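In the numbering used here, the protein residues as written are 87 to 272.
All C-beta atoms in this analysis are idealised placements derived from N, C-alpha and C, irrespective of residue type, glycine included.
Just so it is clear, the structure is predicted and the values come from calculations on it, not from any experiment.
Comments concern the structure below.
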């Protein structure tokens, strides 16, 4: 089987699941997650709300995202979710640089990386190798090998020189969310 990238909805859901934010509440109305304010001018009828900070209600599974033809969620659009204006027998799977840029710069991904760091700290306490190992387990569904663990711990220690371990772990979480191992299934 060839390596296959997760679909747009599965990427968003995997980020939420790893960070511990995924709201599994079934049914109900669609959700309208945060979209950058400059994109909201395209929303005329049934206006999309301007959201400063997302919360639990916005972190439901991606299948519940409200679909608006003229205003697609950028993450969904960039990772090849089909538009609602055409029928879609099979999804395309593109690999373009803007996908990596979105994962590196998106507020949602950054916020969830911080939540993954918080979760690792809460579960591992002051034991940095254990916190890093927990992050690998949550994001990649496997523990790191010894070499990878050493590299990740060194990465966090180099970044926490200002005494901000949570920020350094959030940076590592961001790296994990951007890794091919997170985005692709073998």
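Kindly indicate the opening and closing residues of the alpha helix (DSSP H) around residue i.
| i | result |
| --- | --- |
| residue 258 | 251-263 |
| residue 190 | 183-191 |
| residue 162 | 160-164 |
| residue 97 | 94-105 |
| residue 266 | 266-269 |
| residue 224 | 214-226 |
Excluding the 5 residues flanking residue i on each side, which residues of the same chain have their C-beta closer than 8 Å to its C-beta?
| i | result |
| --- | --- |
| residue 136 | 123 and 126 |
| residue 234 | 222 |
| residue 243 | 214 and 254 |
So which of the options has the shortest CA-CA distance to residue i?
| i | options | result |
| --- | --- | --- |
| residue 195 | 93, 88 and 105 | 105 |
| residue 202 | 269, 243, 261 and 240 | 261 |
| residue 205 | 113, 253 and 169 | 253 |
| residue 148 | 176, 139, 172 and 103 | 103 |
| residue 209 | 118, 199 and 220 | 220 |
| residue 116 | 134, 243 and 100 | 134 |
| residue 101 | 217, 250, 236 and 197 | 197 |
If I measure Cβ to Cβ from residue i and keep anything under 6 Å in the same chain, skipping five residues before and after, which residues do I get?
| i | result |
| --- | --- |
| residue 90 | 271 |
| residue 245 | 254 and 257 |
Excluding sequence positions up to five away, which residues of its chain have a Cβ less than 7 Å from the Cβ of residue i?
| i | result |
| --- | --- |
| residue 164 | 184, 185 and 188 |
Considering only their Cβ atoms, is the gap separating residue j from residue i smaller than 8 Å?
| i | j | result |
| --- | --- | --- |
| residue 229 | residue 223 | yes |
| residue 111 | residue 146 | yes |
| residue 93 | residue 177 | yes |
| residue 170 | residue 153 | yes |
| residue 263 | residue 199 | yes |
| residue 157 | residue 151 | no |
Give the DSSP-derived three-state secondary structure of residue i in the structure shown.
| i | result |
| --- | --- |
| residue 207 | helix |
| residue 234 | helix |
| residue 108 | coil |
Between residue i and chain D, is any beta-carbon pair separated by less than 8 Å?
| i | result |
| --- | --- |
| residue 242 | The structure shown contains no chain D; it is built from a single protein chain. |
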